[in-house]
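If you read the sequence shown in my numbering, its first letter stands for residue 1, the second for the next number, and so on. Positions of the beta carbon are idealized from the N, C-alpha and C atoms, including for glycine. Some notes on the structure that comes next.
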Amino acid sequence: MKRLIAACVLVVAATLCGPAHAVQPDEIMADPAKEARARDLSRELRCMVCQNQSIDDSDAPLARDLRLLVRERIASGDSDSQVIDFLVARYGEFVLLKPRFTPHTLLLWLLPPLALAGGGLALWFHSRRRSNTGSATDPSLLHLTEEEQTRLERLLAADAPDKKS
1 MKRLIAACVL VVAATLCGPA HAVQPDEIMA DPAKEARARD LSRELRCMVC
51 QNQSIDDSDA PLARDLRLLV RERIASGDSD SQVIDFLVAR YGEFVLLKPR
101 FTPHTLLLWL LPPLALAGGG LALWFHSRRR SNTGSATDPS LLHLTEEEQT
151 RLERLLAADA PDKKS
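Here you go:
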């Protein structure tokens, strides 16, 4: 019974705890509205060291520097788009976890749906070709020749048990 209670407490604790963030207490801004903006922005920016984490989740020193830079720009009065534009100008489009839809990134955005459509089209053509080859069989292959029929009857007669016993 104690194990069951402990397991239930563990499951509840695991579901209630939020995601771990790497933001240090000394980075947090005094104004909660500005801190919320900084957190939202840092979730959209890629850690240049980790590459698959946002700077909000990364413990890398560069991610900390970027978090501080975001907070510094917000404190100086920049809007969210100005902060993003500043970081893109400084580090390139790679700093964005979700790249912008521009002619430069058109292939990046359109390749997945095109690949999916191409795969579906290839499967459709393959299934049509398979169904067409199955229905276009030679009718002479479906019937036994007279020689094959005679041989089959002899084999069946040889295998049949004697009716006398």
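Integer Cβ distance of residue i from residue j, believed to fall under 8 Å
i: D59; j: R39; result: Wrong, their Cβ atoms sit about 16 Å apart, outside the cutoff.
i: S42; j: L97; result: 10 Å between Cβ atoms; not a contact.
Residue i in three-state terms, based on DSSP
i: R100; result: coil
i: S76; result: coil
i: S58; result: coil
i: N132; result: helix
i: H143; result: coil
i: V95; result: helix
i: C8; result: helix
i: Q51; result: coil
The alpha helix (DSSP H) enclosing residue i, as first and last residue numbers
i: R28; result: Arg is not the amino acid found at residue 28; the sequence shown has Ile there. Neither: I28 is in no alpha helix (DSSP H) and is coded neither H nor E.
i: A160; result: Run containing A160: none; DSSP gives neither H nor E here.
i: L41; result: 32-44
Residue i versus residue j: straight-line alpha-carbon distance, rounded
i: V95; j: L45; result: 6 Å
i: A63; j: C47; result: 5 Å
i: D65; j: R37; result: 17 Å
i: A30; j: K2; result: 44 Å
i: P160; j: E153; result: Note that residue 160 is Ala in the sequence shown here, rather than Pro. Whole-angstrom Cα-Cα distance: 10 Å.
i: L4; j: V11; result: 11 Å
i: Y185; j: A122; result: Since the first residue of the chain shown is 1 and the last is 165, residue 185 is not available in this structure.
i: P61; j: L68; result: 11 Å
i: T102; j: A7; result: 50 Å
i: C50; j: R100; result: 20 Å
i: W109; j: S131; result: 35 Å
i: P113; j: P32; result: 40 Å
i: S79; j: L111; result: 32 Å
i: K34; j: A89; result: 22 Å
i: S76; j: T105; result: 31 Å
i: I28; j: N52; result: 23 Å
i: E147; j: A158; result: 17 Å
When the Cβ atoms of the stretch 113-123 are set against those of the stretch 55-73, are three or more pairs found closer than 8 Å? Contact fails: fewer than three Cβ-Cβ distances are below 8 Å.
Are the stretch 121-128 and the stretch 80-91 in contact at 8 Å, needing three or more beta carbon pairs? In this structure the stretch 121-128 does not lie against the stretch 80-91, because fewer than three pairs of beta carbons, one per stretch, are closer than 8 Å.
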